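Novice:
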Amino acid sequence: MNGEEIIKYCLEKRGAYLDFPFGEGYATVKIKTSPKRNGYVFAEIFELNGEERFTFSTSAADAEFLRESLDGAVVRG
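When you line the sequence shown up against my numbering, it's residues 1111 to 1187, in that order.
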């Protein structure tokens, strides 16, 4: 998947919206959980050293499982 596809997938989730709090070129997908609270960051899509990078919010257990299962494809954010 590329960044555009990841953004599209994430925006299909209930309450998801696109934001650029760190400036153009650093997209964040946030999840709005209630009308009184700001959304929290679910995914970040950006370029680093000429390569697309993605970070996602997840539980520590899920992150460890993904790092072990996907050998090198998933790294700490």
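Using N, Cα and C, we set each Cβ at its ideal position, and we do this for glycine too. Remember, it's a predicted structure, so these values are computed and weren't measured experimentally.
1. At a cut of 8 Å, does the segment 1167–1179 reach the segment 1115–1125 through at least three beta carbon pairs?
2. Please state the DSSP three-state secondary structure of residue 1164.
3. Check residue 1180 in the structure and name its three-state DSSP category.
4. With DSSP as the reference, label residue 1140 as helix, strand or coil.
5. Please confirm if the segment 1127–1142 is in contact with the segment 1151–1166, defined as three or more CB-CB distances below 8 Å between the two stretches.
6. Hey, residue 1113 and residue 1162 are a contact pair by Cβ (cut 8 Å); roughly how many whole angstroms apart?
7. What span of residues does the beta strand (DSSP E) with residue 1157 cover, start to end?
Specialist: Answer, in terms of the structure:
1. no
2. When DSSP states are grouped into helix, strand and coil, residue 1164 belongs to the strand group.
3. The answer is coil: DSSP assigns residue 1180 none of H, G, I, E or B.
4. strand
5. The segment 1127–1142, when compared against the segment 1151–1166, does touch it at the 8 Å Cβ threshold.
6. 5 Å
7. 1150–1158
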